[in-house]
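So the protein lines, in turn, are chains X and W.
With our numbering applied, the first sequence covers 1 to 337.
With our numbering applied, the second sequence covers 1001 to 1337.
There are 2 protein chains.
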Amino acid sequence: MRGDRVQLDHGSGGEASQELVCDIFLRRLRNDYLEKMDDSALVDLPGCRLAMTTDSYVVDPIFFPGGDIGALAVHGTINDLSMQGARPMFLTLGLILEEGFALEDLKRVIDSVATASKEADVKIVAGDTKVVPRGHADRIFINTAGIGIVPPGVRVGADNAQPGDVVIINGTIGDHGLAVMTRREGLALEAEIHSDSAPLNALTEAALQAGGPGLHVLRDPTRGGVATALNEIARLSGVRIELAEKDLPVAPAVESACELLGLDPLYVANEGKCLLIAHPAGAPAVLEALRGHPLGHGARIIGKVRAARRPGVLLKTRVGGTRILSMLTGEQLPRIC
Amino acid sequence: MRGDRVQLDHGSGGEASQELVCDIFLRRLRNDYLEKMDDSALVDLPGCRLAMTTDSYVVDPIFFPGGDIGALAVHGTINDLSMQGARPMFLTLGLILEEGFALEDLKRVIDSVATASKEADVKIVAGDTKVVPRGHADRIFINTAGIGIVPPGVRVGADNAQPGDVVIINGTIGDHGLAVMTRREGLALEAEIHSDSAPLNALTEAALQAGGPGLHVLRDPTRGGVATALNEIARLSGVRIELAEKDLPVAPAVESACELLGLDPLYVANEGKCLLIAHPAGAPAVLEALRGHPLGHGARIIGKVRAARRPGVLLKTRVGGTRILSMLTGEQLPRIC
């Protein structure tokens, strides 16, 4: 690994994060569960199969258009469970608070946790709060861990994309990252960008019912964006994924803000989006199910899966060229979730 | 609640923590699971009953005699599950790292996580790493969440202490808190104090087998110490607990350090201690089981449970007096775990 200190890009969700995970964590903690490197782990218990996951949230600012750190912490963990085809059931809530943090803000965050968990029909069953002296943390950090039940017969995973499959997304990309960045930087845009932060469990349940065993992969493109998530899938499945630039849904406000900030929406974090990879025969039913749900009105096919000797992601550009989409390198947006 | 800002004592594990939990968290997130306010939640899934818990670790310094933040994070969550009579199975690991944290230190911490989880026969199945810019956190914070299987028929809980029961502890008190404090403050003591940080799952399993349904309560006296943990039990069970000062095991080095620092070992955090409350008929078998385990050689009876109109904890002092032991008030030792 480069250097001898933790760098911001070790938390980017991109290449440096992968390096940290492989060189430091996997090497020391290796087991069959962790090795899969999926959004959540599948564990078998007597009588049921569970998905289990954890995520810490350090987003700055803690309140942003379309969401806040509390809702985000609930949505993110629900979504990681949903991406295994699990029905999210129980969450834990671990808070690290900075001395001096306003109790009014804490109440607002916890109200948001309560609303988000109620909406998604999950329960917060255990919690923990630590307080550190002023200057030892930045206001509030939240960890949520969660478990969900994986129904018998459900089998989706990032290693399960197959040549011939199509790649579907449920709506526009880049909204969350840009909502946070424009608020943090105080950019005045013509149209305010709202985070897409949302619980995807009902949406993925509908897609699984419609797609059955033909639905092969579910993945939420959070840190590192769509390009990084698809690279992970390509690598784990040993396939090439081809995206068509003309089919990528990007909201006009996100597109202009990206131009202004020099960002590529394909690498920007989403918190209410899901990549679905399905057998082409099942794709129309999956699309119909997605479009029937409020979070899937904009669902569409954005690419396809090919057999390949070297796994990777290709973008067919609007002008007819082809560009390799690597994983995110560098830290594009620190503290984005 | 006093004031409008988070204060250090909101994280003490004592009275102010309780206030925060009741006024802000329970009021907003209330459900049958959270309401129990036990060390971990019991949740029923098809085919099995699970305990589930979370804890964040912000201990300073991160390396201290007898342990470090990595082992502590594993032990703490294992112990919270064990206190429900559960067999800890799977843990998640959420890291928040400060930009610039030495990778050598990170490796040492993760080595320690690996050793501790192997020793206790639990698996880390999922993880997450966030990096925040320099100055937004202090080196490393760790969250561990975990699940464990509760064997059929096991029923222990902090609300289950009954008049006539005896109170047992598996060894000396105050070691963890003093090990961290003396290292943090750079105190040179004649004898170095080592943290008691240890996984208690094998010990509690042995105690449960020996005590059967006569073993009513298991609780680990972490933040807030023995006095605070017993107050919680007294309140939840509606009983009075009487401790005999002469029977409290305190290591001589801890006793002198406490005198030096003006601390009461009854309020100092432990990380490898367990309070067990059992029917007197079953107590000898429980004591024997504890003493047969390396972490229970010093097990002994330290008090008893009485019926009472007003729940609380009393200390019979060495000189024959009686003193009310309240919950911890104020923040005795910030960042102790």
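All C-beta atoms, glycine included, are put in the ideal place defined by N, C-alpha and C.
As the structure is a prediction and not an experimental result, all values here were calculated from the model.
{"Asked": "Identify which residue in 203(X), 110(X), 181(X) and 317(X) has its Cα closest to the Cα of residue 242(X).", "Found": "317(X)"}
{"Asked": "For the alpha helix (DSSP H) containing residue 1075(W), list its first residue and its last residue.", "Found": "1069 to 1082"}
{"Asked": "Per DSSP, which one or two residues make a beta bridge with residue 48(X)?", "Found": "45(X)"}
{"Asked": "Answer yes if the region 1202 to 1222 of chain W comes into contact with the region 1266 to 1275 of chain W, meaning at least three C-beta pairs across the two stretches below 8 angstroms, and no otherwise.", "Found": "yes"}
{"Asked": "If we ignore side chains and look at the alpha-carbon of each, how far apart do residue 115(X) and residue 71(X) end up?", "Found": "8 angstroms"}
{"Asked": "Along the region 91 to 104 of chain X, what residues have a CB closer than 8 angstroms to any CB found in chain W?", "Found": "92, 93, 94, 95, 96, 97, 98, 99, 100, 101, 102, 103 and 104"}
{"Asked": "Could you give the C-beta distance for residue 91(X) and residue 144(X), rounded to a whole number, given that I count them as a contact under 8 angstroms?", "Found": "5 angstroms"}
{"Asked": "Listed from N- to C-terminal order along the chain, which residues in the region 304 to 328 of chain X have their beta-carbon within a distance smaller than 7 angstroms of any beta-carbon of chain W?", "Found": "none"}
{"Asked": "Please go through the same chain and pick out, in chain order, the residues whose beta-carbon is closer than 7 angstroms to the beta-carbon of residue 303(X), but skip the five residues on each side of it.", "Found": "167, 241, 242, 243 and 244"}
{"Asked": "So, helix, strand or coil for residue 85(X), using DSSP?", "Found": "coil"}
{"Asked": "Which chain X residues are close to residue 951(W), counting only those with a beta carbon under 9 angstroms from its beta carbon?", "Found": "In the structure as shown, chain W begins at 1001 and stops at 1337. Residue 951(W) is therefore absent and cannot be evaluated."}
{"Asked": "Give the single residue among 43(X), 236(X) and 188(X) whose Cα lies nearest to the Cα of residue 305(X).", "Found": "236(X)"}
{"Asked": "Using a Cβ cut-off of 7 angstroms, pull out every chain W residue sitting near residue 123(X), in sequence order please.", "Found": "1031 and 1033"}
{"Asked": "Quick check: what's the CA-CA separation for residue 128(X) versus residue 330(X)?", "Found": "33 angstroms"}
{"Asked": "What are the residues in the region 1135 to 1150 of chain W lying within 7 angstroms of chain X by C-beta distance?", "Found": "1136, 1137, 1138, 1141, 1143, 1145, 1147 and 1149"}
{"Asked": "Less than 9 angstroms between CB atoms is the rule here; does residue 1050(W) satisfy it with respect to chain X?", "Found": "yes"}
{"Asked": "I'd like to know whether the C-beta of residue 333(X) is nearer than 9 angstroms to at least one C-beta of chain W.", "Found": "no"}
{"Asked": "Could you name each continuous beta strand (DSSP E) segment of 3 residues or more that falls completely within the region 1152 to 1199 of chain W, going from the start of the chain to the end?", "Found": "1166 to 1169"}
{"Asked": "Taking contact to mean at least 3 C-beta pairs separated by less than 8 angstroms, is the region 154 to 163 of chain X in contact with the region 91 to 110 of chain X?", "Found": "no"}
{"Asked": "Ignore the nearest five residues each way along the sequence and tell me which others in residue 1192(W)'s own chain have a CB closer than 6 angstroms to its CB.", "Found": "1065"}
{"Asked": "Given a threshold of 16 other Cβ atoms within 10 Å of its Cβ, counted over all protein chains shown, does residue 1001(W) qualify as buried or as exposed?", "Found": "exposed"}
{"Asked": "Using a cut-off of 8 angstroms between C-beta atoms, extract the partners of residue 1110(W) located in chain X.", "Found": "24, 25, 28 and 29"}
{"Asked": "For a test of the three-state rule: what should DSSP assign to residue 1010(W), helix, strand or coil?", "Found": "helix"}
{"Asked": "According to DSSP, simplified to helix, strand and coil, what is residue 17(X)?", "Found": "helix"}
{"Asked": "Helix, strand or coil: which one does DSSP assign to residue 270(X)?", "Found": "coil"}
{"Asked": "According to DSSP, is residue 304(X) part of a helix, a strand, or is it coil?", "Found": "strand"}
{"Asked": "Just mark residue 229(X) as buried or exposed, buried being the case when its beta carbon has 16 or more other beta carbons within 10 Å.", "Found": "buried"}
{"Asked": "Along the chain, where does the beta strand (DSSP E) that runs through residue 1313(W) open and close?", "Found": "1312 to 1316"}
{"Asked": "Start and end of the alpha helix (DSSP H) containing residue 1201(W)?", "Found": "1201 to 1211"}
{"Asked": "Cβ closer than 8 angstroms: which chain B residues qualify as neighbours of residue 11(X)?", "Found": "In the displayed structure, chain B is absent; the protein chains listed are X and W."}
{"Asked": "DSSP beta-bridge partners for residue 237(X)?", "Found": "Beta-bridge pairing links residue 237(X) to no other residue."}
{"Asked": "Ignore the nearest five residues each way along the sequence and tell me which others in residue 79(X)'s own chain have a CB closer than 6 angstroms to its CB.", "Found": "200 and 220"}
{"Asked": "Would you identify the three-state DSSP class for residue 115(X), choosing helix, strand or coil?", "Found": "helix"}
{"Asked": "Out of 1297(W), 1300(W), 1010(W) and 1190(W), which has the shortest C-alpha to C-alpha gap to residue 1257(W)?", "Found": "1190(W)"}
{"Asked": "I'd like the span of the alpha helix (DSSP H) that includes residue 1281(W), first residue to last.", "Found": "That residue, residue 1281(W), is in no alpha helix (DSSP H); it is neither H nor E in DSSP."}
{"Asked": "Can the beta-carbon of residue 132(X) be found less than 9 angstroms from the beta-carbon of residue 1335(W)?", "Found": "yes"}
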